[in-house]
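S.K.: Counting from 1, one number per residue, gives the positions in the sequence shown under UniProt numbering. Every residue gets a Cβ at the ideal spot worked out from N, C-alpha and C, and that includes glycine. Below is a structure I'd like to ask you about.
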Amino acid sequence: MQKEQVNTDVAQIDEEKNNKVESDIEEVLLEPRFKYSRILNNIPGTARHHRCPVTKISIDPTGSYFVSCSQDARISIGGITSFELSQIIDLKLAARSVAIDPDFTKRSSGHMFITGERNLLLHQRTFFGNYREKVVIYIVTFEADSASNIL
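See below:
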C-alpha cells in the first residue's frame, strides 16, 4: 500500500515538473504583439560615439534616427534602423541640449536639428552632406552700470 502511494506521489511530481517545463517553454516562445525588428549588431560597439557623458538624446518620431550631444563638444547623428544620415559633428562649444526636427527622415526637409548652449543653433544638412550652423537666438545679458540704476 505504501509502495503504491509512493509511486503515485512520484508520478504526480513528475507530471507537475513536465507541466512546469511546458509552461516555461510556452513563455519563452511567445512573441511580442507589437511590430519590431531585431538588432543583430553588437550593441555596445554601435553606440560609442562620445568620449564624455551624454547630456541629451533626441529621437525622431519615426524611431529611425537619434541625435545626441555630450560634454566632449560632439554631436552624434545615429541611425537606429537606417544608417544613411549617420555622422559625428565637432562643435566649438559643448551643447547641453539637442532637439531633432520631426521631419528629419524626409528627403526634402533639410535634415535639421537644433542645439543649445549659450546660443540656440540650427544645423541644416547641405547638398554635400555637411551641416551648416545658423544662430537662431543669441544670448542676451543685462548688467547695471552702477547702484544708482537699480530701483
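Determine the burial state of LEU93: buried for a count of at least 16 other Cβ atoms within 10 Å of its Cβ, exposed for fewer.
M.R.: It is exposed - the Cβ of LEU93 has fewer than 16 other Cβ atoms within 10 Å.
S.K.: With 16 other CB atoms within 10 Å as the buried threshold, where does VAL98 fall?
M.R.: Buried, because 16 or more other Cβ atoms sit within 10 Å of the Cβ of VAL98.
S.K.: If we count the other Cβ atoms within 10 Å of its Cβ and call it buried at 16 or more, is CYS52 buried or exposed?
M.R.: With fewer than 16 other Cβ atoms within 10 Å, it is exposed.
S.K.: So for SER64, helix, strand or coil by DSSP?
M.R.: Coil.
S.K.: Of all the options HIS123, ASP103, GLN124 and ILE75, which has the alpha carbon lying nearest to the alpha carbon of ALA95?
M.R.: Per the Cα distances, ILE75.
S.K.: Check VAL6 in the structure and name its three-state DSSP category.
M.R.: Because the pLDDT of VAL6 is 46, which lies under 50, any placement of that residue in the model is unreliable, and the number read from its coordinates should be weighed accordingly. Note: VAL6 maps to helix in three-state DSSP.
S.K.: Going by DSSP in three states, ASN149 sits in which element: helix, strand or coil?
M.R.: Note that ASN149 has pLDDT 41, beneath the 50 cutoff, so the model's placement of it is unreliable and the number below is only indicative. Note: ASN149 maps to helix in three-state DSSP.
S.K.: Identify the continuous beta strand (DSSP E) that holds HIS123 and give its terminal residues.
M.R.: Counting along the chain, the beta strand (DSSP E) containing HIS123 begins and ends at 120 to 125.
S.K.: Answer with buried or exposed for THR126, where buried requires no fewer than 16 other C-beta atoms within 10 angstroms of its C-beta.
M.R.: Classification for THR126: exposed.
S.K.: Applying the 10 Å Cβ sphere with the 16-neighbour rule, what's the burial state of PHE66?
M.R.: PHE66 should be labelled buried.
S.K.: Do you know how far the Cα of ASP103 is from the Cα of PRO61?
M.R.: Their backbone Cα atoms lie some 8 Å apart in a straight line.
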